[in-house]
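Chemist: Below is the structure I would like to discuss, written out as structure tokens.
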Amino acid sequence: MRVLGIETSCDETAVAVVEDSTRVVADFVYSQTDHEQFGGIVPEVASRQQLRKITPLFRACKSQFPVSPETLDGIAVTSGPGLIGSLMVGLNFAKALAYGWGIPLLGINHLEGHIFANCLADPDLETPFLCLIVSGGHTLLVKVNEWGGYELLGATRDDAAGEAFDKVAKLLGLGYPGGHKIDKLASEGDPNFAKFPKAQFKSGDYEFSFSGLKTAVSLYLKERGEQFARQNLTHICASFQENVVEVLVDTTLRAARDHSLDTIAIGGGVAANSRLRAVFASRCGESGQRALFPEFKYCTDNAAMIASTGCFRLGRGERSDLSLKAVPYWPLGS
Ligand code: KG4
Ligand code: ZN
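Following this note's numbering, the numbering of the sequence shown begins with 2 at its first residue and continues without gaps.
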């Protein structure tokens, strides 16, 4: 099963070809940089850039692998959740190709793509396992009972983990998106320099909350002033990051224990965080559990994960027709 994947749900334009959910034969991603000046994503700018980039990316992909009706079993395209204008660009491109070439088309849930990114890391990954999805828009704990069969165990009540990184980066004057910048600065800082509060929930819950943490950092900076923030930037980054990492790891490992799951797969942009990877690896090493991370380029948005999901779903006969719509809100498993 060989599938062309197209991803345009937010500010990345991506095209890839994947075989049997596990082998990437072509892979191209363009990340928009236009939003930095606005301090966040401007949907109208994002969709216009998608429109500019989709054809050059498809051509680049074609030069690496001869995509055609003869070499492909179908086309998988992200149809939600995401920004409606951005989604529509990829969706219409995929529909035109599928119609022109007369090959199957399937709309894919972007969140399921982040789970399948782990198939690219470990082709032998077996269900059941626990998946933590941590991106700019989502923080979810999902029990993967079988491929395509998901049970939501917990989610964030407010900001997503990536959103918290981006908002704190903005408070620190690091620009947008700031997750990777905090990660880099934090590696030289003291994680015990400042203690920020952690949201507490009833035991047995696997919920998250990060908006209080963002407010706490904001107040902390206001009270101490700009010079203090500049002088202690690495320590503040490390203290904030440690708080997020501890909450994510503690809650995930508790859920894994409660559900007797030994394998924990992590997906989404925040899965690229070096401290999150290190803490998961060491805590799982101690407890005999296994933490699985996609390669860095398959943590953030990409089309290989969409093509990988497409191999699985097209392979079991699922199809979309040309009435396929872009859906901004699409909970996993619905
Ligand atoms: O999955 P993704 O590319 O897009 C969404 O579907 O949202 O995730 C983007 C998010 C951004 O919030 C970005 O700041 C965060 O992932 N991110 C990181 C790192 N790299 C990207 N957060 C923390 N540490 C990183 N190294
Ligand atoms: Zn994503």
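Cβ coordinates follow ideal geometry from the N, Cα and C atoms, glycine included.
If we count the other Cβ atoms within 10 Å of its Cβ and call it buried at 16 or more, is Ser-324 buried or exposed?
Modeler: For this step, residue 324 is matched to residue 323 along the sequence shown. Exposed.
Chemist: State buried or exposed for Lys-185, treating a residue as buried only when at least 16 other CB atoms are found within 10 Å of its CB.
Modeler: Working through the sequence shown from its first residue, we reach residue 185 at position 184. Lys-185 is exposed by the Cβ-count criterion.
Chemist: Rounded to the nearest angstrom, how far is the Cβ of Gly-311 from that of Gly-103, given a contact under 8 Å?
Modeler: Along the sequence shown, read from residue 1 onward, the residue named residue 311 stands at position 310. Along the sequence shown, read from residue 1 onward, the residue named residue 103 stands at position 102. So it is not a contact: roughly 17 Å between Cβ atoms.
Chemist: Quick check on the DSSP output: the alpha helix (DSSP H) that includes Cys-120 runs from which residue to which?
Modeler: To locate residue 120, count along the sequence shown from 1; it is residue 119. From DSSP, the alpha helix (DSSP H) with Cys-120 extends over 111-122.
Chemist: Would you call the stretch 51-66 and the stretch 15-23 in contact, with 3 or more CB pairs under 8 Å?
Modeler: Counting C-beta pairs closer than 8 Å gives three or more between the stretch 51-66 and the stretch 15-23, which meets the contact rule.
Chemist: Once the 5 residues before and after Gly-213 are set aside, which same chain residues still bring their CB inside 7 Å of it?
Modeler: Counted from its first residue, the sequence shown places residue 213 at position 212. The residues are Pro-198, Ala-200.
Chemist: For Gln-228, count neighbouring Cβ atoms within 10 angstroms of its own Cβ and tell me buried if that reaches 16, exposed if not.
Modeler: One-based indexing of the sequence shown puts residue 228 at position 227. Here Gln-228 is exposed: its Cβ has fewer than 16 other Cβ atoms, across all protein chains shown, within 10 Å.
Chemist: Would you mind sorting Tyr-100 into buried or exposed? The rule is 16 or more other CB atoms within 10 Å of its CB.
Modeler: The residue given as residue 100 occupies position 99 in the sequence shown. By the 10 Å Cβ count, Tyr-100 comes out exposed.
Chemist: Any heavy atom of the ligand KG4 within a distance shorter than 7 Å of the CB on His-181?
Modeler: By one-based count along the sequence shown, residue 181 stands at place 180. Within the cutoff, so yes.
Chemist: Consult DSSP for Leu-186 and reduce its assignment to one of helix, strand or coil.
Modeler: Stepping through the sequence shown from its first residue, residue 186 is reached at position 185. Helix, per DSSP.
Chemist: Figure out for me which residue from Gln-232, Gly-226, Phe-241 has the closest Cα to the Cα of Ala-195.
Modeler: Taking the first residue of the sequence shown as position 1, residue 195 is located at position 194. Comparing alpha-carbon positions, the option among Gln-232, Gly-226, Phe-241 lying closest to Ala-195 turns out to be Phe-241.
Chemist: Distance cutoff 8 Å, beta carbons only. Does Glu-296 sit that close to anything in chain C?
Modeler: The question asks about chain C, but that chain is absent: this structure has only one protein chain.
Chemist: To the nearest angstrom, how far is it from the Cα of Gln-290 to the Cα of Cys-238?
Modeler: One-based indexing of the sequence shown puts residue 290 at position 289. One-based indexing of the sequence shown puts residue 238 at position 237. If I take the Cα positions, the gap works out to 29 Å.
Chemist: Please name the residue or residues paired with Asp-28 in a DSSP beta bridge.
Modeler: The sequence position of residue 28 within the sequence shown is 27, counting from 1. In the DSSP output, where bridge partners are listed per residue, Asp-28 has Ala-17.
Chemist: Let's test the definition: count the other Cβ atoms within 10 Å of the Cβ of Asn-274 and tell me whether it reaches 16, buried, or not, exposed.
Modeler: Counting from 1 along the sequence shown, the entry for residue 274 is found at position 273. Label assigned to Asn-274: buried.
Chemist: Determine the contact status of Leu-84 and Pro-44, defining contact as a CB-CB distance below 8 Å.
Modeler: Mapped onto the sequence shown, residue 84 falls at position 83. Mapped onto the sequence shown, residue 44 falls at position 43. Closer than 8 Å, so yes.
Chemist: Pair every Cβ in the stretch 157-164 with every Cβ in the stretch 206-225, then say whether three or more of these pairs are closer than 8 Å.
Modeler: Counting C-beta pairs closer than 8 Å gives three or more between the stretch 157-164 and the stretch 206-225, which meets the contact rule.
Chemist: Residues bridged to Val-145 by DSSP?
Modeler: If you number the sequence shown from 1, residue 145 lands on position 144. DSSP, once it has assigned bridges, lists Phe-130, Tyr-151 as partnering Val-145.
Chemist: Can you list, in chain order, the residues of its chain with a C-beta nearer than 7 Å to that of Asp-35? Leave out the 5 residues immediately preceding and following it.
Modeler: What you label residue 35 is simply residue 34 of the sequence shown in a count that begins at 1. Within the same chain, Asp-35 has close Cβ partners Val-46, Gln-50.
Chemist: Counting C-beta neighbours from all protein chains within 10 Å, is the total for Asn-193 16 or more, i.e. buried, or is it exposed?
Modeler: Residue mapping note: residue 193 aligns to position 192 of the sequence shown, counting from 1. Looking at its Cβ environment, which holds fewer than 16 other Cβ atoms inside 10 Å, Asn-193 is exposed.
Chemist: Can you tell me which of the three DSSP states Gly-268 falls into?
Modeler: Reading the sequence shown from its first residue, position 267 is the one you call residue 268. In the displayed model, Gly-268 falls within a strand according to three-state DSSP.
Chemist: Considering Thr-310, what are the terminal residues of the alpha helix (DSSP H) in which it resides?
Modeler: One-based indexing of the sequence shown puts residue 310 at position 309. Under the DSSP assignment, Thr-310 falls in the alpha helix (DSSP H) whose first and last residues are 305-316.
Chemist: Do the CB positions of Ser-321 and Leu-106 come within less than 8 Å of each other?
Modeler: Walking along the sequence shown from the start, residue 321 turns up at place 320. Walking along the sequence shown from the start, residue 106 turns up at place 105. Going by C-beta atoms, Ser-321 is nearer than 8 Å to Leu-106.
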